[in-house]
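There are 2 protein chains.
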Amino acid sequence: MSNRLHDPFRTAFDSLDEFADLISQVLKCPVTIEDSNHRLLAYSTHDERTDSARISTIIGRRVPEKVINQLWKEGTIPALLKTNEPIRVKSIDEVGLSNRVAISIWKQEEVIGFIWALEIDKSLTDDDFSLLKQAADAAKNKLLQLQTRKNKKEERSQEFFWKLLTGHLKVQEEILENFHTLQITPSSSFAVLVFQFNKNITSKEEQNISYLLKTNQRLKIMLYTIDCNQLILLISAEGLENPLSELEQFSKVFVLKMGDRYGVRDITPVLSGIYKDYQKIRQAYEETLSVLSVKQKFPFETKDIYNYQKLGIYQFLGLLLEKRKNEEYENYSLTKLHDYDQKHNSNLVETLEIFLNNDNNINDAAKELNVHANTLNYRLKRIAEIGEVNFKDPNQKMMLYVDLKLEKYQGI
Amino acid sequence: MSNRLHDPFRTAFDSLDEFADLISQVLKCPVTIEDSNHRLLAYSTHDERTDSARISTIIGRRVPEKVINQLWKEGTIPALLKTNEPIRVKSIDEVGLSNRVAISIWKQEEVIGFIWALEIDKSLTDDDFSLLKQAADAAKNKLLQLQTRKNKKEERSQEFFWKLLTGHLKVQEEILENFHTLQITPSSSFAVLVFQFNKNITSKEEQNISYLLKTNQRLKIMLYTIDCNQLILLISAEGLENPLSELEQFSKVFVLKMGDRYGVRDITPVLSGIYKDYQKIRQAYEETLSVLSVKQKFPFETKDIYNYQKLGIYQFLGLLLEKRKNEEYENYSLTKLHDYDQKHNSNLVETLEIFLNNDNNINDAAKELNVHANTLNYRLKRIAEIGEVNFKDPNQKMMLYVDLKLEKYQGI
DNA sequence: GAACCTTTTGTGAAAATCCCCAAAAAGTGA
DNA sequence: TCACTTTTTGGGGATTTTCACAAAAGGTTC
Chain A
4 MSNRLHDPFR TAFDSLDEFA DLISQVLKCP VTIEDSNHRL LAYSTHDERT DSARISTIIG
64 RRVPEKVINQ LWKEGTIPAL LKTNEPIRVK SIDEVGLSNR VAISIWKQEE VIGFIWALEI
124 DKSLTDDDFS LLKQAADAAK NKLLQLQTRK NKKEERSQEF FWKLLTGHLK VQEEILENFH
184 TLQITPSSSF AVLVFQFNKN ITSKEEQNIS YLLKTNQRLK IMLYTIDCNQ LILLISAEGL
244 ENPLSELEQF SKVFVLKMGD RYGVRDITPV LSGIYKDYQK IRQAYEETLS VLSVKQKFPF
304 ETKDIYNYQK LGIYQFLGLL LEKRKNEEYE NYSLTKLHDY DQKHNSNLVE TLEIFLNNDN
364 NINDAAKELN VHANTLNYRL KRIAEIGEVN FKDPNQKMML YVDLKLEKYQ GI
Chain B
4 MSNRLHDPFR TAFDSLDEFA DLISQVLKCP VTIEDSNHRL LAYSTHDERT DSARISTIIG
64 RRVPEKVINQ LWKEGTIPAL LKTNEPIRVK SIDEVGLSNR VAISIWKQEE VIGFIWALEI
124 DKSLTDDDFS LLKQAADAAK NKLLQLQTRK NKKEERSQEF FWKLLTGHLK VQEEILENFH
184 TLQITPSSSF AVLVFQFNKN ITSKEEQNIS YLLKTNQRLK IMLYTIDCNQ LILLISAEGL
244 ENPLSELEQF SKVFVLKMGD RYGVRDITPV LSGIYKDYQK IRQAYEETLS VLSVKQKFPF
304 ETKDIYNYQK LGIYQFLGLL LEKRKNEEYE NYSLTKLHDY DQKHNSNLVE TLEIFLNNDN
364 NINDAAKELN VHANTLNYRL KRIAEIGEVN FKDPNQKMML YVDLKLEKYQ GI
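As they're listed, the protein sequences go chains A and B.
In terms of our numbering, the first sequence is numbered consecutively and its last residue is 415.
In terms of our numbering, the second sequence is numbered consecutively and its last residue is 415.
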């Protein structure tokens, strides 16, 4: 056959599955159709020859994440997003991928899906490539229908999510009903995750985000929405062994991928605590916002904190400052140390802070201060003397830590 | 001479010093007259023979504290407070005291002073004892005059102190003027010290307190007053090298002496911070009251804390609890640990608390828990896993500590 | 009761921390 | 300048802490 022949795909067909079988018949190889997020839309059944990647894709109704990652790294997906020509993929044994050809399905300037053809017995010819292009074109309309249906659902879920975030849904039954209508199974525990971008999120970035979230298979994202420069997610924490660390891991990977794949950098992820009661979503959301505000005030000390839980004392530093303002308290030890520093041009206060920052570890703190461990020891002895500090008393140390940070806070 | 002869002290005399010389002449030995607080009121000058204790008493215009302590320990002062008979004191070399005889001066049921006669060359006879009794009786009126003058001054200072404590004196000049009128030199820094008794202070105890305070030579007590079951002091912190520890030391000694000497137990001392501005006395006073209230709530954890400075996190636990109530926050790690404890009948939470209480010292904590250090290590590993706690992060640990204590606070 | 898991305790070697001493360097004041 | 104090650094040994491993004890489940 040649591309000058009659287009075999210009026939009516009811379902995408039927269409997949048609392509499979024409090209004589197994065919899979995915949406832009690599979710399985349809697959041919007439042919039993297949590879393990295709099997897991069909079983999971989506392309396995490690396969997607591999295809990104190796350049296939970036290529598919640039051209509407078929792309040949060499077999990748690590992920069970045999030789195949892929083509992207376009709607104007946007990729809305992919067709995959496995080259199990035969390699596809140039003519086959042309047929594939025609098939991609023919698939477009069917996919668009699916998309609009999805869009409507998405709109409804957006509205619902904002109601939850702002605490407008107060009745448990009502919340559960909404989840049911949107065909989302509410999980027994959840967290709110916010990614703050350094500028407002463009619609192009929105698509990229959507792609990343949909292709992610680590966590179940129940709802998500975008607000100016913030991407807000409601994530299920059900069945996770270490929810906090897994959520953190996920956000790190997301930030990494946004940078690597789309060149979007400076994204700050923040997490709420984990809750079971859906009426507390608003509170969880407020937690994330408060983390963001603290991170702005203490960028250095909170650089590894993304989680409201782990904010530690920073959770209430603002509150304390207010108390302090009212009572004109001053930390006696710190005052004396400051005085000494001033008089003798030393830096006992800084030494103390770094020591406390480093969890009382002399070696680590000495390294950070670029002094000998014995020097630090000596200074600590002096600090204990001058400031009348007992370094065996956790309470005293905490107070010093808090007051040191409060000083900084005030300095801002 | 015998006691049947004419009383040689029934003559008029202008000053107590003159009177001391008279006694000295009659008894033929050096004589010293003190008030009830062992402050020097008068001493004979006709005789140069003396001992080192007397010299320091005259130089310092008060009996040295170590001498007083010795006389208490050894029973002389308690005896003098019981009887109006002369008491003989054997020489005590450690404090430079040679043989002497003492007698107390009474006004009704109360001792208002002492007369000391040194037995340098001769021992006093029974007749001399009778004479001493007559002398003590004759000294009474003179001492009473001095007392009433003092009382008036004390009343004025009481009023002044309360004005300071309640913040009614806001002008620096006015405060200084008051100090000047009362012939008190205001020191450059001060602290408020409160002793809380377990019941209202009786007038008998008031005298004992006054005695202890006046005979103390460690610290300069600028003002003091009594309010129901509280003894409130304004103490100078000038010239002290380690004011906080010296103040603590002083309060410990005071509590000890009240117990040992007068059988008054269960006294809780509390200290404010150290301030320089006299307008902050009210604040300092409020600090002490807040320490007392915290100590009531956390008797165990604050059992070694007497100082607002050293309250540490307990300084603001109440405030935090309020915040927590509003935001319905729960510490994820603690929740998980509690759950685990419940399910497996373990005590990870308690373990964690004791570990944190002991400044992360595994050995100490293991001892307190009565388990092997390795057991504690194992538990901590489990705590880190189950509660997703990183024990290298001081911030996380502080948060756990705070939340643990808050739980207790709520439990109260 | 057997199989399995969790917890406790013990042992010992490696690693680290602590502590004392002393020398050098830096700073201070007459 | 010199004497003096304070601070820094280094060495090295005693002590503690840490860690891995193993055995025993206690609990749970089938």
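From the three backbone atoms N, C-alpha and C, an ideal C-beta is built for every residue, glycine too.
Since we're looking at a predicted model, the values are computed, not measured.
Review point. Alpha carbon to alpha carbon, how far is Asn310 (chain B) from Thr169 (chain B)?
Key: 20 Å
Review point. So, using beta-carbon positions, are Ile416 (chain B) and Thr79 (chain B) closer together than 9 Å?
Key: What is shown of chain B runs 4 to 415, which leaves residue 416 (chain B) out entirely.
Check your understanding: If we ignore side chains and look at the alpha-carbon of each, how far apart do Asp367 (chain A) and Arg42 (chain B) end up?
Key -> 57 Å
Check your understanding: For the candidate residues A:Glu51, A:Ala387, A:Gln286 and A:Asp54, whose alpha-carbon lies nearest to that of Leu172 (chain A)?
Key -> A:Gln286
Practice item. Could you check what DSSP says for Phe358 (chain A) in three-state terms: helix, strand or coil? Key: helix
Review point. Could you give the C-beta distance for Asp362 (chain A) and Lys395 (chain B), rounded to a whole number, given that I count them as a contact under 8 Å?
Key: Approximately 5 Å separates the beta-carbon atoms of Asp362 (chain A) and Lys395 (chain B); this is inside 8 Å, confirming the contact.
Check your understanding: By the criterion of Cβ-Cβ separation under 8 Å, what are the contact partners of Asn302 (chain A) in chain B?
Key -> Note that residue 302 (chain A) is Pro in the sequence shown here, rather than Asn. Within 8 Å Cβ-Cβ: nothing; Pro302 (chain A) doesn't reach chain B, min ~15 Å.
Review point. When the Cα atoms are used, what is the spatial distance from Phe193 (chain A) to Glu241 (chain A)?
Key: 7 Å
Check your understanding: Under a three-way DSSP split, which group does Ile270 (chain A) fall into?
Key -> coil
Point to revise | Length of the line joining the Cα atoms of Ile357 (chain A) and Leu372 (chain A) | key: Ile357 (chain A) and Leu372 (chain A) have their C-alpha atoms spaced approximately 8 Å apart.
Review point. Counting along the chain, where does the beta strand (DSSP E) carrying Phe198 (chain A) start and finish?
Key: Phe193 to Gln199
Practice item. Kindly confirm or deny that the segment 107-116 of chain A and the segment 138-146 of chain A touch, where touching means at least three C-beta pairs closer than 8 Å. Key: yes
Review point. Is there a Cβ from chain A that is less than 9 Å from the Cβ of Val405 (chain B)?
Key: yes
Point to revise | Backbone secondary structure at Ser336 (chain A) - three-state DSSP | key: Annotated three-state conformation of Ser336 (chain A) is helix, per DSSP.
Review point. Residues in its own chain within less than 6 Å of Leu127 (chain A) by CB, not counting five upstream and five downstream?
Key: Val104
Review point. Based on Cα-Cα distance, which residue from B:Leu250, B:Ile58, B:Ser206 and B:Asp124 lies nearest to Cys231 (chain B)?
Key: Checked all of B:Leu250, B:Ile58, B:Ser206 and B:Asp124; the closest Cα to Cys231 (chain B) is B:Ser206.
Check your understanding: Does any CB atom of chain A fall closer than 9 Å to the CB of Ile308 (chain B)?
Key -> yes
Exercise for review: Could you tell me the distance, in whole angstroms, from the CA atom of Phe303 (chain A) to the CA atom of Lys370 (chain A)?
Suggested key: 18 Å
Exercise for review: Inspect the beta-carbon positions of Val294 (chain A) and Leu237 (chain A) and report whether they are closer than 9 Å.
Suggested key: no
Practice item. Return yes when the C-beta of Met261 (chain B) is under 8 Å from any heavy atom of the ligand COA, and no when it is not. Key: Summarising the ligand content, the structure contains no ligands, and the ligand COA is consequently not present.
Practice item. Could you tell me whether any Cβ in chain A is nearer than 9 Å to the Cβ of Gln299 (chain B)? Key: no
**Study point:** Whole-angstrom C-beta distance between Lys223 (chain A) and Ser190 (chain A), which should lie under 8 Å
**Key:** 7 Å
Exercise for review: Using 10 angstroms around the beta-carbon of Val405 (chain A), count the other beta-carbons present and answer buried if the total reaches 16, otherwise exposed.
Suggested key: buried
Point to revise | Helix, strand or coil at Asn6 (chain A) according to DSSP, with G and I counted as helix | key: Model confidence at Asn6 (chain A) stands at a pLDDT of 44, short of 50, so the residue's coordinates are unreliable; what they give is reported in the following sentence. Of the three classes helix, strand and coil, the one that applies to Asn6 (chain A) here is coil, per DSSP.
Exercise for review: Verify whether the separation of the beta carbon atoms of Leu134 (chain A) and Leu30 (chain A) is less than 9 Å.
Suggested key: yes
Practice item. Compare the C-beta of Tyr288 (chain B) against all C-beta atoms of chain A and say whether one is closer than 9 Å. Key: no
Exercise for review: Figure out for me which residue from B:Glu112, B:Glu88, B:Ser101 and B:Gly99 has the closest Cα to the Cα of Asp129 (chain B).
Suggested key: B:Glu88
Review point. CB-CB under 6 Å to Phe164 (chain A), same chain, minus the five flanking residues each way: which ones, in chain order?
Key: Leu226 and Thr228
Check your understanding: Taking just the CA atoms, how far does Val258 (chain A) sit from Ser160 (chain A)?
Key -> Cα to Cα, the separation comes out at about 24 Å.
Check your understanding: Can a CB atom of chain A be found closer than 9 Å to the CB of Phe117 (chain B)?
Key -> no
Review point. Once you ignore the five residues that flank Ile106 (chain A) on each side, which residues in its own chain have a CB closer than 6 Å to its CB?
Key: Once the five neighbours on either side are set aside, the close Cβ partners of Ile106 (chain A) are Pro89, Ile118, Leu135 and Ala139.
Exercise for review: Output yes if chain A places a C-beta closer than 9 Å to the C-beta of Lys400 (chain B); else output no.
Suggested key: yes
Check your understanding: Looking at the C-beta of Leu236 (chain B), does it have a partner C-beta in chain A at a distance below 9 Å?
Key -> no
Check your understanding: In chain order, which beta strand (DSSP E) runs of at least 3 residues are fully inside the segment 143-174 of chain B?
Key -> none
**Study point:** Straight-line Cα distance separating Glu122 (chain A) from Arg65 (chain A)
**Key:** 20 Å
Check your understanding: Going by beta carbon distance, what residues of the same chain come within less than 8 Å of Leu83 (chain B), once the five residues before and after it are set aside?
Key -> Ile90, Ala105, Ile106, Ser107, Val114 and Phe117
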